[in-house]
Amino acid sequence: MAAAARAALPRPHLSLPSSSRRSSPRLSLTPSSAPPRLRGGAATSVAAGTSAAPQQHQVTARLGDVIEAQQFDRDALNEIFEVAREMEAVERGSHGAPSRVLEGYLMATLFYEPSTRTRLSFEAAMRRLGGEVLTTENAREFSSAAKGETLEDTIRTVEGYSDIIVLRHFESGAARRAADTANIPVINAGDGPGQHPTQALLDVYTIKREIGTLDGIKLGLVGDLANGRTVRSLAYLIAKYQNIKIYFVSPDVVKMKDDIKDYLNSKGVEWEESSDLLEVASKCDVIYQTRIQKERFGERIDLYEAARDQGRSR
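Residue numbers for the sequence shown, in full-length UniProt numbering: 1 to 314.
And the structure:
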């Protein structure tokens, strides 16, 4: 999970006004030995380690699959963010020798949709922490899926070769199906228009690092809110904090879906829809801009073009 803490570099554009930026303290690195072979639901150390840093503290959490943003509470988020800060120090080399906390582990990245940032950042994180990677890019065409193999059968095969699976799939709910099948942890790296929880973890961590707080912020979510899995996961995750207000700014045909609005209502999170980006931007601490997702429109190119053109005219 240490690899997952820094995986998934931001694909959407996250903008923070300069007036909102505050300095954040750097935390010390925590050494620990590598945990035993990862298994779903097992208690797993998420502490970082180097051969050079002195023993200071260890952050431990019960970690299994990472499927949706709702699964994290604030305590878990605080632990993950603390380890992420420590991993930044490891990557900068400020604690001497690089961490080998994942040495001896093998991660399989199984991507049925195109990816550059998410796949490479997971793989880079794994290797930087001493682990190894098995990878298949465009598994929809260049794996046994092209011969009709089900996702479940693929997962049963791949888990025999690896200790953890990072899955991107074109169908919403695919990550849950994979986790229900596998006996090792599964990380959802995006399941169709469903969710992208590791992206949301990184986005919330970035906001915290740059602004200094998460409680009380005003967040503008802009673009394709109906099909964008990153905005869905971000809305779920930011709802864990207090006195949040979210502005939804999108073309009419790609408005935020009701399930997210209902969830926010159930958590007491204030939200508002608007078509005026400039007005919303003047009220927000953070603007989160996403693209119109052409691949989700299928043959309805007319709807895609309408959404694209309306987005350009805001």
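All residues carry an ideal CB built from backbone N, CA and C; glycine is no exception.
Count the CB pairs spanning the region 152-171 and the region 181-200 that are closer than 8 Å, and state whether there are at least three. Taking a contact to require three or more Cβ pairs closer than 8 Å, the region 152-171 and the region 181-200 qualify as touching.
Throw me the rounded Cβ distance for the alanine 226 and lysine 255 pair, which I believe falls under 8 Å. The residue labelled residue 226 in the question sits at position 226 within the sequence shown. The residue labelled residue 255 in the question sits at position 255 within the sequence shown. In this structure alanine 226 touches lysine 255 by the C-beta definition: roughly 6 Å separates them, less than 8 Å.
May I ask you to report which of helix, strand or coil DSSP gives leucine 221? Along the sequence shown, read from residue 1 onward, the residue named residue 221 stands at position 221. If DSSP states are grouped into helix, strand and coil, leucine 221 belongs with the strands.
Applying the 10 Å Cβ sphere with the 16-neighbour rule, what's the burial state of proline 114? Position 114 of the sequence shown holds residue 114. So proline 114 counts as exposed.
Short Cβ contact (7 Å threshold) for leucine 110 with threonine 150: Start at 1 with the first residue of the sequence shown, and residue 110 comes out as number 110. Start at 1 with the first residue of the sequence shown, and residue 150 comes out as number 150. Contact flag unset, no.
Spatial neighbours of methionine 107 in its chain, beta-carbon cut-off 8 Å, leaving aside the 5 residues before and after: Working through the sequence shown from its first residue, we reach residue 107 at position 107. Only residues of its own chain outside the window of five on either side were considered, and among them Ala3, Phe122, Glu123, Met126, Gly131, Glu132, Val133, Leu134, Ser162, Asp163, Ile164, Ile165, Val166 have a CB closer than 8 Å to the CB of methionine 107, listed in chain order.
For asparagine 243, does the three-state DSSP call read helix, strand or coil? Reading the sequence shown from its first residue, position 243 is the one you call residue 243. DSSP, read as helix, strand or coil, puts asparagine 243 in coil.
Please confirm if the region 232-249 is in contact with the region 79-92, defined as three or more CB-CB distances below 8 Å between the two stretches. No, they do not touch.
Alanine 69 beta carbon less than 7 Å from that of alanine 179: Residue numbering aside, residue 179 sits at position 179 when the sequence shown is read from its first letter. Residue numbering aside, residue 69 sits at position 69 when the sequence shown is read from its first letter. At the C-beta level, alanine 179 and alanine 69 stay beyond 7 Å of one another.
Assuming the contact rule is C-beta atoms closer than 8 Å, alanine 182 and glutamate 159 should be a hit. Round their C-beta distance to whole Å, please. Indexing the sequence shown from 1 puts residue 182 at position 182. Indexing the sequence shown from 1 puts residue 159 at position 159. Indeed, because the Cβ distance is near 5 Å, the residues count as touching under 8 Å.
State yes or no: is the C-beta of serine 233 within less than 7 Å of the C-beta of glutamine 289? On the sequence shown, position 233 is the one that residue 233 refers to. On the sequence shown, position 289 is the one that residue 289 refers to. No; because the gap between Cβ atoms is not below 7 Å, this pair is not in contact.
Taking the alpha-carbon positions, what's the valine 222 to glutamate 171 distance? Position 222 of the sequence shown, counted from the start, is the residue given in the question as residue 222. Position 171 of the sequence shown, counted from the start, is the residue given in the question as residue 171. The alpha-carbon atoms of valine 222 and glutamate 171 are separated by roughly 23 Å.
Where do the N-terminal and C-terminal ends of the beta strand (DSSP E) with glutamine 289 fall, by residue? Walking along the sequence shown from the start, residue 289 turns up at place 289. 286-289 is the span of the beta strand (DSSP E), which, as asked, contains glutamine 289.
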